[in-house]
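Trainee: Have a look at this one.
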Amino acid sequence: MANNLLKGKRGIIFGALDENSIAWKTALKAHEEGASFILTNAPIALRMGKINELAKACNTEVIPADATSEEDLLNLFTRSVEVLGGKLDFVLHSIGMSPNVRKDKSYGDLNYDWFLKTLDISGVSFHKVMQAAEKTDAMNEWGSIVALSYIAAQRSFPDYSDMAQAKAVLESIARSYGYRFAKTKKVRVNTISQSPTKTTAGSGISGFDVFYDYAQMMSFLGNASAEYCAKYIVVMFSVFTHMYTIHYLFNDIAYSTIILSNNF
Ligand SMILES: NC(=O)c1ccc[n+]([C@@H]2O[C@H](COP(=O)([O-])OP(=O)(O)OC[C@H]3O[C@@H](n4cnc5c(N)ncnc54)[C@H](O)[C@@H]3O)[C@@H](O)[C@H]2O)c1
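If you're matching positions, the sequence shown starts at 752 in the numbering used here and goes up one per residue.
Structure, rendered in structure tokens:
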């Protein structure tokens, strides 16, 4: 059931790769709630072509941008404001990739060039996105910027490898840029730590099935689905959450709290 929560709101959604992606579900939900937005992904991911199906369903267009390229991002924000016909009210950063995880490198044998790539793509890109938004003056007051994180940013989670460091960087950037954007523009910046979710990025982590099942067992309502994450993100984009900024929010049915109480 739609409630017009985002009626008249404009935004950019990064990271819809296929129908399992959290960004994909968010785009569908945001569209249902009345938003207009641009979809974007790295040029290499766009070659799959799937995102065009989503763009059609959401009556929008795709503007390619590698989230590590400042030039791509400046172009993305400038063009999005033009295409959508006004400044933006929301941005979703739903981006993650580690070459070390992809190539199954053990944590004691990391390739450091790849490690820096992981940090750039999955962490520093959040800064680049917000810097491009600021430099192009693309955000409306009370706009909302959300990035997706994981509990490994804060707790020991060996299988998450160098992605744990990338998520720690991401959450730290949310604190620093959140402060800056709140003061200059009343723009809100938050991260949402999501339950293990069966997506391309999620399933690429070694032992994913084991920690998916473990989290499923420990979270008293089961793992939170990508659909529920999408709903949460839409609420974070809406006027109901104007007083939220620089929070690490959780969409994991208290799994992270249970880890603490069990001294895991
Ligand atoms: N799936 C999980 O278990 C889980 C849990 C917690 C947090 N997250 C986070 O949720 C977010 C979305 O991931 P997902 O699970 O939907 O997987 P996904 O694989 O569907 O999405 C990851 C996206 O990142 C994009 N990407 C990679 N490199 C990029 C680049 N250089 N520029 C622009 N985009 C790039 C990919 O093309 C892809 O669309 C990520 O930040 C991920 O770390 C996922």
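Beta carbons are placed, not taken as given, at the ideal position from N, Cα and C, and that holds for glycine.
Whole-angstrom Cβ separation of Y1006 and A966, contact assumed at under 8 Å?
Mentor: So it is a contact: roughly 5 Å between Cβ atoms.
Trainee: In angstroms, rounded to a whole number, what distance separates the CA positions of N1014 and S907?
Mentor: The predicted position of N1014 is uncertain, since its pLDDT is 46 and thus under 50; a value taken from the coordinates is nonetheless stated next. So the alpha carbons of these two residues sit roughly 11 Å apart.
Trainee: Nearest to V938 by CA position, among Y963, N974 and M994, is which residue?
Mentor: Looking at the Cα atoms, M994 is the closest of the given residues.
Trainee: Between K949 and ligand 1, is the CB less than 8 Å from at least one heavy atom?
Mentor: Checking every heavy atom of ligand 1 against the Cβ of K949, one is found closer than 8 Å.
Trainee: Considering only residues of the same chain and omitting the five flanking positions on each side of A806, which have a CB-CB separation below 8 Å?
Mentor: If we look at A806 and ignore the five residues flanking it on each side, its Cβ neighbours are L790, E812 and V813.
Trainee: Could you spell out where the alpha helix (DSSP H) holding F971 opens and where it closes?
Mentor: Run containing F971: none; DSSP gives neither H nor E here.
Trainee: Counting pairs of beta carbons, one from the stretch 770 to 788 and one from the stretch 975 to 989, are three or more of them closer than 8 Å?
Mentor: They touch, by the three-pair rule.
Trainee: Are the C-beta atoms of K854 and some chain D residue less than 9 Å apart?
Mentor: Structure shown: chain D not included; a single protein chain is present.
Trainee: Given a cut-off of 9 Å, decide if T1008 and I730 are closer than it, judged by their beta-carbon atoms.
Mentor: A query on residue 730 cannot be resolved here, the shown segment of the chain reaching from 752 to 1015 and no further.
Trainee: Please go through the same chain and pick out, in chain order, the residues whose beta-carbon is closer than 7 Å to the beta-carbon of P909, but skip the five residues on each side of it.
Mentor: Taken in chain order, the residues that qualify are Y858.
Trainee: Which residues share a DSSP beta bridge with Q905?
Mentor: Paired residue(s): none; Q905 is not in a bridge.
Trainee: Kindly give me the distance between the Cβ atoms of S944 and D1003, rounded to whole angstroms, as I take these residues to be in contact under 8 Å.
Mentor: 6 Å between Cβ atoms; contact.
Trainee: Would T869 pass as a contact of N851 if the rule is Cβ separation under 9 Å?
Mentor: Closer than 9 Å, so yes.
Trainee: So within the stretch 922 to 993, which uninterrupted beta strand (DSSP E) runs reach at least 3 residues, ignoring any that extend past its ends?
Mentor: Counting only runs of 3 or more, we get 939 to 945.
Trainee: How big is the Cα-Cα spacing for I902 and A884?
Mentor: For I902 and A884, the distance between alpha carbons rounds to 27 Å.
Trainee: Mark K886 as exposed unless 16 or more other C-beta atoms lie within 10 angstroms of its C-beta, in which case mark it buried.
Mentor: K886 comes out exposed.
Trainee: Can you list, in chain order, the residues of its chain with a C-beta nearer than 8 Å to that of S845? Leave out the 5 residues immediately preceding and following it.
Mentor: Same-chain partners within the cutoff: I764, F765, G766, A767, S772, I773, A774, T777, A898 and L899.
Trainee: So, is E770 buried or exposed, given that buried needs 16 or more other C-beta atoms within 10 angstroms?
Mentor: The residue is exposed, with fewer than 16 neighbouring Cβ atoms inside 10 Å.
Trainee: Applying the criterion that 16 or more other CB atoms from any shown protein chain within 10 Å of the CB defines a buried residue, is R761 buried or exposed?
Mentor: Per the 10 Å Cβ criterion, buried.
Trainee: Mind checking which residues open and close the alpha helix (DSSP H) that includes E784?
Mentor: Element bounds for E784: n/a, residue is neither H nor E.
Trainee: When the Cα atoms are used, what is the spatial distance from C809 to N803?
Mentor: Roughly 10 Å separates the two Cα atoms.
Trainee: Within the same chain, show all residues whose beta-carbon is closer than 8 Å to that of Y979, passing over the 5 residues directly before and after it, in chain order.
Mentor: Around Y979: N1002.
Trainee: Based on Cα-Cα distance, which residue from F788, F866, W893 and L779 lies nearest to V940?
Mentor: Comparing Cα-Cα distances from V940 to each of F788, F866, W893 and L779, the minimum goes to W893.
Trainee: Could you check if H993 belongs to the surroundings of ligand 1, using beta carbon to heavy atom distance under 8 Å?
Mentor: Checking the Cβ of H993 against ligand 1 gives no.
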